[in-house]
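Undergrad:
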Amino acid sequence: MHTHQCWENKTLNYDIFKYPWPSQVLSVIQEKFPLINDLSRAHEHLTAGQIQDLTIHVQSAFGRQQFAEQFDKFAEEYIQPLLGGKKYLIKRQATLNCVIPNQQHVSRKLPFHQGVFYNNGRGQRTIWMALTTCEDTNSMWIADTESSRRLTKQSIEQKMNQDQFESECVKISRPVNIQPGQCHLFHQEHIHGNVNNQTGYTRMAVDWHVLIEGEEYGGRLPGGFFRAPGDYEQQQIFDLSNQNIIAYVGNNTCFDKHIPVHFQRKVIDEYCQRNQISCVAVQFENEHLEWLPVLEQCIKQKPEGIVMCSMYSLPDDISRRNEILDVALRNNVNLYFANEHCCMTNIEELDKIRMYMNFAVQHKGVQSWETL
20 MHTHQCWENK TLNYDIFKYP WPSQVLSVIQ EKFPLINDLS RAHEHLTAGQ
70 IQDLTIHVQS AFGRQQFAEQ FDKFAEEYIQ PLLGGKKYLI KRQATLNCVI
120 PNQQHVSRKL PFHQGVFYNN GRGQRTIWMA LTTCEDTNSM WIADTESSRR
170 LTKQSIEQKM NQDQFESECV KISRPVNIQP GQCHLFHQEH IHGNVNNQTG
220 YTRMAVDWHV LIEGEEYGGR LPGGFFRAPG DYEQQQIFDL SNQNIIAYVG
270 NNTCFDKHIP VHFQRKVIDE YCQRNQISCV AVQFENEHLE WLPVLEQCIK
320 QKPEGIVMCS MYSLPDDISR RNEILDVALR NNVNLYFANE HCCMTNIEEL
370 DKIRMYMNFA VQHKGVQSWE TL
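Residue numbering for the sequence shown follows the working numbering, beginning at 20 and increasing consecutively.
1) In chain order, which continuous runs of the beta strand (DSSP E) of length 3 or greater are located wholly inside the segment 184-216?
2) When burial is assigned at 16 or more other CB atoms within 10 Å of the CB, is His-62 buried or exposed?
3) Hey, could you find the ends of the alpha helix (DSSP H) Glu-323 is sitting in?
4) Based on Cα-Cα distance, which residue from Asp-91, Asn-116, Met-179 lies nearest to Thr-221?
5) Short of 7 Å in beta carbon distance, which residues of its chain neighbour Cys-317, apart from the five on each side in sequence? Order them along the chain.
6) Identify which residue in Asp-34, Phe-205, Gln-24 has its Cα closest to the Cα of Pro-199.
7) Provide the residue(s) that pair with Pro-241 in DSSP beta bridges, ordered along the chain.
8) On a Cα-Cα basis, can you pick out the residue from Ser-332, Thr-145, Ala-300, Ile-191 that is closest to Ser-167?
9) Verify whether the separation of the beta carbon atoms of Asp-226 and Ala-67 is less than 8 Å.
10) Looking at the unbroken beta strand (DSSP E) that takes in Met-374, where does it start and where does it end?
11) Contact check, Leu-31 vs Leu-204 under 8 Å by CB: the rounded distance?
12) Taking DSSP as the reference, what is the three-state secondary structure of Asn-263?
13) Quick test of your reading: Asp-155 and Pro-194, contact by CB under 8 Å. State the CB separation rounded to the nearest angstrom.
14) For Met-148 and Met-330, what's the separation of their Cα atoms in angstroms?
15) Rounded to the nearest angstrom, how far is the Cβ of Pro-164 from that of Glu-389, given a contact under 8 Å?
16) How long is the line joining the alpha carbons of Val-118 and Pro-41, rounded to whole angstroms?
17) Please look up how many angstroms separate the CB atoms of Gly-142 and Ala-379, rounded, as I've assumed it's under 8 Å.
18) For Met-159, which residues of its own chain have a beta-carbon under 6 Å away from its beta-carbon, when the five flanking residues on both sides are left out?
19) Would you kindly report the start and end of the unbroken alpha helix (DSSP H) that includes Ala-347?
20) For the candidate residues Phe-282, Glu-187, Thr-151, whose alpha-carbon lies nearest to that of Leu-45?
21) For Arg-108, report the span of its beta strand (DSSP E) as first-last.
22) Since Asp-275 and Ser-332 are thought to touch, with beta carbons under 8 Å apart, how far apart are those beta carbons, to the nearest angstrom?
23) I'd like to confirm the pairing. Which residues does DSSP put opposite Val-268 in its beta bridges?
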């Protein structure tokens with residue numbers, strides 16, 4: 020089967036005894052809500068607000084190394100054969116979908132959309148993994164590719180409101196009926212969403228992605244949103260107290276020129292708090308200088324480290340970016356990237372930074388509905 024066809028609303032069966040996702044998620048939920056003993060009955064014990072707390076707790080747990088390793092093994096066994104031999108990155112933190120009965124009553128119904136509307140690149144592939152029975156009104160509803168493209172074009176041309184759009188989405192969609200031990204595979208141009216759950220029980224599923232090498236990542240950055248198999252550096256907490264470290268805020272790259280300074284500072288400050296960093300200064304890049312001379316000067320002053328919002332705050336020009344990275348390495352200045360929770364302190368980490376930043380492209384061609 021052609022690799023793209025593998026992601027056209029296909030069901031994947033896997034060994035649930037080898038990968039017991041439902042029982043593992045239940046164990047994580049019981050860390051916070053010990054009364055829960057049946058995922059499909061969670062709504063009987065928790066308020067809608069507590070369901071949200073449950074979701075956040077589980078998604079945070081997916082960042083633990085034991086889960087990251089399991090996602091890696093699963094991807095190697097079941098997903099890699101569907102990618103035509105290409106390398107891939109894995110979503111760093113999977114999403115838990117939790118749909119309670121009559122979720123629309125408490126404004127929890129997921130609106131219909133396609134991944135492109137969420138700034139997902141078309142190089143992403145989605146693995147939607149059932150933790151409970153997924154059927155009828157409790158499940159995700161999804162349309163085929165061609166119908167999705169036509170309706171997307173129609174909705175944009177007619178400037179449909181969401182009620183009009185969803186009415187048309189339901190007409191072209193069907194529920195995904197799968198059980199634990201099964202995944203639904205699709206790509207980012209499939210329109211999908213939820214109708215109101217009238218089954219009387221809670222549905223849970225895990226939503227995660229892979230990014231294919233050389234393809235489009237949109238707004239989901241390699242190194243941050245996506246990680247390489249085996250890269251668990253985000254789990255590490257460095258003890259960087261009592262070191263001469265400065266914070267650097269950029270504003271001249273495609274990534275950071277549209278991010279307000281105080282948003283960047285918040286990301287940097289949270290990273291510093293996590294790693295016990297007390298910066299001795301905060302330096303700002305001069306506007307309109309895309310070669311980042313202030314950053315270069317900061318490096319040549321040889322502090323022990325510089326904390327930046329992201330590796331994507333390095334120069335967009337690849338040759339200049341490599342020059343900055345090499346200058347940092349030669350001067351023994353560690354670069355810490357807050358958004359990606361990673362650092363560059365040696366040649367191996369330098370190679371990893373370069374790999375992430377060259378792994379895929381942000382955009383590739385026009386959107387498919389624009390050619391209809």
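Don't be surprised by glycine CBs; every beta carbon is placed ideally from N, CA and C.
TA: Let's see:
1) 192-194, 201-206, 211-213
2) buried
3) Here Glu-323 belongs to no alpha helix (DSSP H), and DSSP marks it neither H nor E.
4) Asn-116
5) Ile-265, Tyr-267, Gln-302, Ile-325
6) Asp-34
7) Phe-245
8) Ile-191
9) no
10) Note, Met-374: premise wrong, no beta strand (DSSP E); alpha helix (DSSP H) at 366-376.
11) 6 Å
12) coil
13) 5 Å
14) 31 Å
15) Contrary to the premise, residue 164 reads as Thr rather than Pro in this sequence. Not a contact, Cβ separation roughly 15 Å.
16) 15 Å
17) 6 Å
18) Val-195, His-211
19) 337-349
20) Thr-151
21) Position check: residue 108 holds Leu in this sequence, whereas Arg was assumed. Here the beta strand (DSSP E) through Leu-108 covers 107-110.
22) 5 Å
23) Phe-303
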